[in-house]
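Be aware that the sequence shown starts at 1, since it is given in UniProt numbering, and climbs by one per residue.
Where a beta carbon is used, it is the ideal one built from N, C-alpha and C, also for glycine.
Computed from a prediction, not measured in an experiment: that's the story for all the values here.
In what follows, a structure is listed as structure tokens, so that the remarks can point back to it.
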Amino acid sequence: MAAANYQVDLRHFDELPARELYDLLRMRVDVFVVEQNCPYPELDGKDIDAVHLRLLEGGDLLAAVRILKPHEPQDPSKIGRVVVSPAHRGKRLGDALMRESIAACERLYPANPIALSAQAHLRRFYESFGFVGTSQEYLEDGIPHIDMVRQPASQPV
């Protein structure tokens, strides 16, 4: 099934209305903590300085990701908390979410690589978007992960 018709919403934390922020955080807790049975501190303090990219259809939150700015000029931006609503799976929204996230990182931080910490079973998915593994597998909150980086569009992948 093809990706749904969606609108892209890109906002800083303080620009999100309370109800929309609640919906975003609830979706992340429902998936990462409850569904994946992984008790960890979802509210880690990084959301406040992040840019939040959401895919919306009408008033429905379909999928979301947060983008963290580079700490230093040469550091990568970081994509994290990649999540698709359980109610909207099977629509290829993960593909759409990654395309939109990469495009946002390239607009916001064009000279910087993009990094992410991928659940290991999704390695091929992220490789299909030009990400390359940069670490061995490691456990993060009991789930195997791998660090991955995508070079800036102006540099060879």
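Listed in chain order, the non-local C-beta contacts of D147 below 6 Å within the same chain comprise S117, T134 and S135, local neighbours out to five positions each way being set aside. Per the DSSP secondary-structure output, V132 pairs in a beta bridge with V149.
Under the DSSP definition of a beta bridge, V83 partners with A64. If you ignore the 5 residues before and after H88, its C-beta comes within less than 6 Å of the C-beta of L62, all in its own chain and listed in chain order. By the Cβ neighbour-count rule, A104 is buried, with 16 or more other Cβ atoms within 10 Å of its own.
In this structure, the beta-carbon distance from R19 to E42 does not fall below 7 Å. Under a 10 Å Cβ-count criterion, Y6 is classified as buried, with 16 or more other Cβ atoms of the shown protein chains found around its own Cβ. No residue range can be given for L122, since it is assigned to no alpha helix (DSSP H) and is classified by DSSP as neither H nor E.
The DSSP-derived three-state label of H12 is strand.
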